[in-house]
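Counting in full-length UniProt numbering, the sequence shown runs from 1 upward without gaps. Just so you know, even glycine gets a beta-carbon here, dropped at the ideal spot from N, CA and C. Values in this document were obtained by computation on a predicted structure and should not be read as measured data. Written out below as C-alpha cells is the structure these notes cover.
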Amino acid sequence: MAFKHPQLTASPLAYEKWQDTCAIFAPFAHEPWAMLLDSAGAEHPNSRYDILLRQPEKTCTEISTIDGEPFAEINQWLNAATVTELPEEYADLPFQGGLAGLFGYDLGRTLEHIPEIATADIALPDIAVGLYFHALIIDHQRQRVVAIHPKNATITPEAFWAANNSAGAKYPNQGKFTLRTPWQSNMDAAEYTQRINAIHEFLRAGDCYQINLAQRFHAEFSGDPWGAYLALRETNQAPFSAWLNIPGGVVLSLSPERFLQTYPDGSVETRPIKGTRPRGKDAADDASSAEILKNSAKDRAENLMIVDLLRNDLSRVCTPGSVSVPELFKIESFHAVHHLVSTVQGKLAPAQTPLSLLAAAFPGGSITGAPKIRAMEIIESLEPHRRSVYCGSIGYFSVHGHSDTSITIRTLCCVDDHIYCWAGGGIVIDSKAEAEYQETLDKVAKILPVLSSLNVNTPEFGALDTAVAGANAKDTSAEKPNSVTINAVKQNTRQAS
C-alpha cells in the first residue's frame, strides 16, 4: 500500500510568546533529526522566516536511483500528499509540510562519475533528509507564528513545541563549548599556492575556465555545539543559517548564499555569489571596499562564468526561452563581508519538479567552477580531503511546490569531538595566489576566532588563531580590519595525509 500523508492544517500561535526562535528550539536541538532553518535576525531581504522542525515521519540517509532519477524515492514521499488546503491567510507560508535536510557535496558522486582520490574522514551521510508533518514557522516580517501539524493530531501545537515535551533533548556532554586544540588547516600558504599554480596549468590547457579551491580547518572541542552555533549566529547574522542534528553529528551553517528557490507556479530563481571583500573598519572604508568589489574586472568575470553555468543548468529542466538574468553583479552587504551577487530565473517545464531541478544543478556551480564536472574532477585531485557537508545544500521542499535551498558555505560540522570548517574561492587565469589565500582567511575571520574566544581556560592561540583573531584587532597597516596575515598561518598548519 502506497504511503499517504495525513491531512495537514495550520494553527496560529501568539507572536509575543513564540517569537524567540533559539529559546523555543534549544530544548529540542539535540533530538535526532531536529532542524532549524534560521534567518538569524539578519537585516537582509531573505531574512524573514525561521522554520523549526522535529520528529519527522520518514528519513533518508542513502540515495537509490530509480529509473535514472536520484531523488525519485523522496519525491514519491512528497507527491503522496493529501494536504488540506490551508486557510487563505496562511497560503503564503513557505513551508507547509514536506522534506527538509542536507544534501552534501559528495552526493554529486551519485549524479556524476567523479574519481575517488581525496580522503573521506568525516562520518556524516551525503544526504540526510526528513519528511516533516510538524513545523513552526516564525514570520518576523508580519510578526506571526504558525504551526503546521496533522489535522487529526492528538497533541496541540502548543504542547508539541513546549520545552518540557522534548524527549532525550539533553546533550551527553553538556557545558560551555570550548576548543581543546588550536585551529589547524590541511594546507598552508605554500601548499595552497602550489595548487593554484596547478590550476593555472589546467586553465591554460583549456580544461576549465574557473576552478574553486578550498582549504579545511579543524580543531578538537568539548562541550555543547549549540553554544558554538549561538555565538556564530550572533556574529555572522547570515540569512541562510541552519542547525541540523543528523546521524553522525551536527551541522552548523552560516550561509549567505541561496542556491535554488522554486514557487508553486513553477518559477525558479538562483542567486550565485562570486566575489568577496571584507567589511571596512568605518563607513568610509566599508563603502570603499564595496566599490572596489563592484568594479573588480576579475570578480565580475568569475561571476559571469558561474551565471552562464547556472543558465545552462536551469535550461536542462526549464521551459525553453524562460531562463533570464534580471540582475548581474549586484553588491550585497552581509554582517561579515560584501559579496557580488547575480540572479538567474526560469520556469520549470511541466514534467519537471523542484527535486529534478536540484539534480540538474547540483552541486552549485558557484562552488565548483566551470565546466562543472571537469572542475569537480580537478578539485578531487587537489584538495586533500573530501568536502562532506561543505558546498552542498541545506533546505526544504514543501508539499505545495515551494522550495528553498542554500549553498553550504560558511558551514561547520561537529563529529565526535572534532569540529570542521572550510573556506575557498574561485580561481581564474589572472588569480594571484596570495590574494586568493587571503580571501579564504577573510571568509572565516568571523568564525574561527569567535569559537576560540569562547574558551575559558584556553591554551595560547596557535599561529592560525592569532592570525585570524588579529584580523579584528587594531589596524596597524594598510590591511583591512577583517583581513588575516598569511605568514602567521604557516606555523600552525599541518600537512594532511
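With 16 other CB atoms within 10 Å as the buried threshold, where does D20 fall?
exposed
Quick check for students: name the residue ranges of the alpha helix (DSSP H) that lie wholly in the segment 393-452, counting only runs of 4 or more.
433-443 and 448-452
Among E57, T408 and R374, whose alpha-carbon lies nearest the alpha-carbon of R387?
T408
Buried or exposed for N186, going by 16 or more other Cβ atoms inside 10 Å?
buried
Taking buried to mean at least 16 other C-beta atoms within 10 Å of its own C-beta, is residue 500 buried or exposed?
Within the shown structure, residues of the chain are numbered from 1 to 497, placing residue 500 beyond reach of any answer.
Do you know how far the Cα of P239 is from the Cα of P326?
21 Å
Using only CA atoms, which one of R233, C208, G41 and A198 lies nearest to L448?
Closest option to L448, Cα to Cα, is R233.
When we look at the beta-carbon of Q352 and count the other beta-carbons within 10 Å, is it buried (16 or more) or exposed?
buried
Measuring straight from C-alpha to C-alpha, what distance separates I127 and D207?
30 Å
Classify R300 as helix, strand or coil using the three-state DSSP reduction.
helix
Mind pulling the alpha helix (DSSP H) runs of 4 or more residues that sit fully within the segment 220-288?
The qualifying runs are 225-236.
Whole angstroms is fine: what's the gap from F95's alpha carbon to H200's?
44 Å
For P150, report the span of its beta strand (DSSP E) as first-last.
R144 to P150 is the extent of the beta strand (DSSP E) around P150.
Could I get the ranges of all uninterrupted alpha helix (DSSP H) runs contained in the segment 86-123, with 4 residues as the minimum, in chain order?
Segments of the alpha helix (DSSP H) lying fully in the segment 86-123: 108-111.
Taking the straight line between their C-alpha atoms, what separation do you get for residue 506 and I429?
As shown, the chain starts at 1 and ends at 497. That puts residue 506 outside it, with no answer to give.
Quick check: the segment 259-277 against the segment 146-166, are there 3 or more CB pairs under 8 Å?
Between the segment 259-277 and the segment 146-166, the count of Cβ pairs shorter than 8 Å is below three; the stretches do not touch.
So, P12 versus W33, is the Cβ gap smaller than 8 Å?
With a cutoff of 8 Å on beta-carbon distance, P12 and W33 are scored as not near each other.
Leaving out five residues on either side along the sequence, give the residues of the same chain with a beta carbon under 6 Å from the beta carbon of N212.
Excluding five sequence positions before and after N212, the CB atoms of its chain that fall closer than 6 Å to its own CB belong to I367, T368, G369, G424 and G426, given in chain order.
Using a 10 Å radius around the Cβ and a threshold of 16 neighbouring Cβ atoms, would you call D67 buried or exposed?
Note on D67: under 16 other CB atoms within 10 angstroms of its CB, so exposed under the neighbour-count rule.
For A375, count the other beta carbons within 10 Å of its own beta carbon; 16 or more makes it buried, fewer makes it exposed. Which is it?
buried
Which residue from G392, Y192, H335 and I74 puts its Cα closest to that of S398?
It is I74.
Just to confirm my understanding: we take R109, look at its own chain, exclude 5 residues before and 5 after, and list those with CB closer than 7 Å. What are they?
none
Measure how close the beta-carbons of P314 and V323 come, nearest whole angstrom, since I'm counting them as under 8 Å.
For the record, residue 314 in the displayed sequence is Leu; it is not Pro. Contact flag correct, Cβ pair sits at about 5 Å.
Taking only three categories from DSSP, how would you classify residue 586?
Examination of residue 586 is not possible in this model, given that the chain is present from 1 through 497 alone.
Give me, in chain order, the residues of the same chain whose beta-carbon lies closer than 7 Å to that of V450; leave out the 5 immediate sequence neighbours on both sides.
A231, L232 and T235
Starting from C318, follow its DSSP beta bridges and name the residues at the other end.
L348
Could you pull the DSSP bridge partners for M35 from this structure?
In the DSSP output, where bridge partners are listed per residue, M35 has L53 and L244.
By how many angstroms is the C-alpha of Y396 removed from the C-alpha of F259?
12 Å
Let me confirm a value: S381 is counted as buried when at least 16 other C-beta atoms fall within 10 Å, else exposed. Which label applies?
exposed
If you draw a straight line from the alpha carbon of Y90 to that of E434, how long is it in whole angstroms?
51 Å
Determine the direct distance from the alpha carbon of N79 to that of Q438, and round the result to whole angstroms.
46 Å
With burial defined as no fewer than 16 other Cβ atoms inside 10 Å of the residue's Cβ, what is the status of P320: buried or exposed?
exposed
Using CA coordinates, which residue listed in H5, L36, N312 and G392 is at the minimum distance from A135?
L36
Quick one: what does DSSP say N455 is sitting in, helix, strand or coil?
coil
Taking its Cβ as the centre, do 16 or more other Cβ atoms sit within 10 Å of I137, making it buried, or is it exposed?
By the neighbour-count criterion, in which 16 or more other beta carbons inside 10 Å mark a residue as buried, I137 falls on the buried side.
DSSP on D139, reduced to helix/strand/coil?
strand
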